[in-house]
Structure formats: structure tokens, C-alpha cells
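A.B. asks: Under the numbering used here, residue 289 is the last one in the sequence shown; the count climbs by one each step, no gaps.
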Amino acid sequence: MNTEKTVVITGATSGIGLETARQLATRNYQLVLLVRNIEKGDQTRKLIQEQHPKAGVELVIADLASQQQIRQAAGEILQLADKIDLLINNAGTWNSQRSLTEDGIEEVFAVNHLSYFLLTHLLYPVLAAADTSRIINISSDSHFKGKMHFEDLSLKSNYHGLRSYAQSKLANVLFTYEMDRKKPHSQVAVNAVQPGLVKTDIGLKGTTWFHSFAWKIRRSGGIPASEGAKTSVFLATDPDIAGESAKYWDNCRPKPSSRSSYSPEDARKLWDLSLQMCGISDYFSETRG
Ligand SMILES: NC(=O)c1ccc[n+]([C@@H]2O[C@H](COP(=O)([O-])OP(=O)(O)OC[C@H]3O[C@@H](n4cnc5c(N)ncnc54)[C@H](OP(=O)(O)O)[C@@H]3O)[C@@H](O)[C@H]2O)c1
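Shown next, in the form of C-alpha cells:
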């Protein structure tokens, strides 16, 4: 890899992630796109390189619902890059029906929170190797309605798509703040983003016809994905916010997140449970594979 800055983006094959990748390609980032579908990944790479022929785009394939695939993908990324300047944990899902991953974890919690937690852990050595690096976790204002169901994180007893999604997005903010408290390197910044209400297909993928219909109506009042990517791109590139960490950003400005997102007890509890669920003994000690 020969360009100066490397960014890893998850979920770059559609919506906000795709637009973020396209916009960063114009700024000479070397892109590593972590995607689950190789055909969509190839189309995305082609689209970016048609517009920016000089953009370096690597594809790494993984279903983020599988911890084994996340570990494999991280191993491939570590082979590609000695340092990573930017990690954007963006992939997200919304499921009407409860489903379990191969690891026995409710899928929305696994993809929307645990994949962020595990991938960041596995890539931390190369994030810490950059002079300065930024981690961006894509959350949502849905987290204001969220509650951590610590007694039943997989929502076995009381599943609803909204409950599961809002819990996972609250977990993104709790993780961001706890990561900032725990990380041993001050040059690594970690922030959470609310992209706005964005016209994407997120509500059409794992949903019943009724939820799809409701999302079509709701998203009609939203902004295009190119605008939804604005705050992520700002946080990734603006030189004036270097060193800003542990903040919740909306429309390129920090704003207060929900009251429950500031609970250090909940953040610690989530961290410890996430360590157990991912089989990690020491979050910051992993050496390069
Ligand atoms: N749209 C909104 O109004 C809104 C508002 C607030 C926050 N957000 C957040 O923004 C982020 C991006 O969502 P979006 O609206 O842009 O939705 P989207 O268009 O559906 O994009 C989601 C991306 O995540 C990928 N993905 C989903 N499950 C995956 C898995 N198991 N493994 C690997 N990749 C997976 C998708 O891959 P495929 O292309 O293969 O489906 C896609 O690239 C999410 O974190 C979402 O929670 C969205």
C-alpha cells in the first residue's frame, strides 16, 4: 500500500457506508472495504474506481454476524496494512424477527455492537501504530429510546425489532465512551456519530412487509445517503478536531447523548459482557498476527 492514509470501513456496499467510501476516495485515502457480499463488493470497487481511477480499494469479505469471519478478516487486514489511520464501524442491520448467529447471539446485537467491539480490538495494534488515528462508531438517535437488557441481551423473552435496534445503538455510545476511558494510547480518538434520518434500504432487508412499508414512509422524509455520510467524513478528515474523543456527533457538531449512555456502570458491564461473548481476555494486549 503506497498512499498515506488507510481507512477500514465496514458495510461499504450500500447506503451511508458506500457514500462515506466514495467521499473518502476523493481525499486520497487507501480504502479497505469490509463487505459480506463479494459481488456487491466488486460493484462498489468498480463504482469508486470509475469515479476516482487512482483510488486504492481493497476488499475483505466477512459476514459480521460471525466472530470467526471477523477474526479471519482482521487477519487479512493486518497483512495488508502496517498502520490504520481510520476505522469506521458502520455496518448495521434491523431485524423484524429475532434470529441467532452461529455464535448463539441475537443477530442485531452481534452485527451492530459486537462486530464493532471485536473488530476494533483486533485492529487496535495497527490503529495505535499510526501517529494519530480515529475510530468512528455509527450509532443513531434511536439510542435515546434504548435500554440495555443486561439480564437478557439477546432479548429471548421480549423481542421487538425496535427494542433490539435501539439497544444496539445505545451499546455503540456506551462502547465509545468506555473505549475512550480504557484505551492506553492518547493518539487514538474514538467518537460516535448519528448520521440523521437517511434514505437507505436498512429497513427493507431483514423486515416483514409491514416494517418495510413503515420504513418506506419514514425514510421518505430523510436525507440522501451522500448527506448522511457528511458527519463521518467530517470526523474522518477535519484537521481541527484532531484529539477530540468520546463525543457524540450530529450534523458535524458534538451534542449530548442520552442520559443512560453516560452511565459508567452500564458501560463497564457491557464491556465485560462483550469481552466474554467474544472470548477476549485482554482487550488491548493482542499482538499483531
Ligand atoms: N438510515 C438511517 O436513517 C440511519 C439512521 C441512524 C443510523 N444509521 C446507521 O447507519 C449505518 C449504515 O446503515 P444504512 O442506513 O446505510 O443501511 P444500509 O444501506 O442497509 O447499509 C448497511 C451496510 O451494512 C452491511 N451489513 C449489514 N449486515 C452485515 C453483516 N452481517 N455483515 C457484513 N455487513 C453487513 C450491509 O451490507 P449489504 O449491502 O450486503 O446489505 C450494508 O453495506 C448503520 O449502522 C445504521 O444503524 C442509519
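Using N, Cα and C, we set each Cβ at its ideal position, and we do this for glycine too.
Out of curiosity, what's the CA-to-CA distance linking residue 102 and residue 65?
C.D. replies: About 8 Å.
A.B. asks: Does DSSP put residue 141 in a helix, in a strand, or in coil?
C.D. replies: Reduced to three states, the DSSP call for residue 141 is helix.
A.B. asks: So what does residue 6 bridge to, in DSSP terms?
C.D. replies: Its beta-bridge partners are 30.
A.B. asks: Rounding to the nearest angstrom, what Cα-Cα distance links residue 287 and residue 214 in this structure?
C.D. replies: Because the pLDDT of residue 287 is 47, which lies under 50, any placement of that residue in the model is unreliable, and the number read from its coordinates should be weighed accordingly. Each residue's Cα considered, the two are about 46 Å apart.
A.B. asks: What does a CB cutoff of less than 6 Å around residue 283 pick up in its chain, not counting 5 residues either side in sequence?
C.D. replies: Excluding positions up to five away in sequence, the list reads 121.
A.B. asks: For residue 144 and residue 104, what's the separation of their Cα atoms in angstroms?
C.D. replies: About 27 Å.
A.B. asks: Can you look up residue 102 in the DSSP assignment and give me helix, strand or coil?
C.D. replies: Residue 102 falls in the coil class under three-state DSSP.
A.B. asks: Which residue's Cα is closest to the Cα of residue 39: 58, 180, 113, 13?
C.D. replies: Among 58, 180, 113, 13, the Cα nearest to that of residue 39 is on 13.
A.B. asks: Please report the straight-line C-alpha distance between residue 29 and residue 158, rounded to a whole angstrom.
C.D. replies: Rounded to whole angstroms, residue 29 to residue 158 spans 43 Å at the Cα level.
A.B. asks: Could you say if the stretch 236-256 and the stretch 66-77 meet the contact criterion of at least three C-beta pairs nearer than 8 Å?
C.D. replies: No: the two stretches stay apart, fewer than three of their Cβ pairs being nearer than 8 Å.
A.B. asks: Note down, in chain order, each residue of its chain lying with its Cβ closer than 7 Å to the Cβ of residue 118, except the 5 sequence neighbours on either side.
C.D. replies: Cβ within range, chain order: 67, 70, 278.
A.B. asks: Which residue comes first and which comes last in the alpha helix (DSSP H) that contains residue 166?
C.D. replies: Its alpha helix (DSSP H) spans residues 161-182.
A.B. asks: Hey, how far is the Cα of residue 187 from the Cα of residue 63?
C.D. replies: Looking at the two C-alpha atoms, the distance is approximately 30 Å.
A.B. asks: Can you give me the Cβ contacts of residue 205 inside the same chain, cut-off strictly under 8 Å, excluding the 5 residues immediately before and after it?
C.D. replies: Excluding positions up to five away in sequence, the list reads 93, 94.
A.B. asks: Any chance you could list the beta strand (DSSP E) runs of at least 3 consecutive residues sitting entirely within the stretch 10-61, in chain order?
C.D. replies: Here the runs fully enclosed are 29-35, 57-61.
A.B. asks: Who pairs with residue 198 in a beta bridge, going by DSSP?
C.D. replies: Paired residues: 223.
A.B. asks: Within 10 angstroms of the Cβ of residue 50, are there 16 or more other Cβ atoms? Answer buried if so, exposed if not.
C.D. replies: The residue is exposed, with fewer than 16 neighbouring Cβ atoms inside 10 Å.
A.B. asks: Tell me which residue opens and which closes the alpha helix (DSSP H) that residue 94 is part of.
C.D. replies: Taken as a continuous stretch (DSSP letters only), residue 94 belongs to no alpha helix (DSSP H), as it is neither H nor E.
A.B. asks: Could I get the ranges of all uninterrupted alpha helix (DSSP H) runs contained in the stretch 217-268, with 4 residues as the minimum, in chain order?
C.D. replies: Fully enclosed alpha helix (DSSP H) runs of 4 or longer: 225-228, 230-237.
A.B. asks: Quick one: what's got a C-beta closer than 7 Å to residue 77's C-beta in the same chain, skipping five residues either side?
C.D. replies: Closer than 7 Å at the Cβ level, and outside the excluded window around residue 77, lie 8, 32, 60, 123.
A.B. asks: Compute every distance between the C-beta of residue 63 and the non-hydrogen atoms of ligand 1, then say whether any falls below 7 Å.
C.D. replies: Yes - ligand 1 has a heavy atom lying nearer than 7 Å to the Cβ of residue 63.
A.B. asks: Spatial neighbours of residue 127 within its chain, please: CB distance less than 7 Å, with the 5 preceding and 5 following residues excluded, ordered by chain position.
C.D. replies: The residues are 84, 87, 133, 135, 188.
A.B. asks: With DSSP run on the structure shown, which of helix, strand or coil describes residue 155?
C.D. replies: Here residue 155 sits in coil by DSSP.
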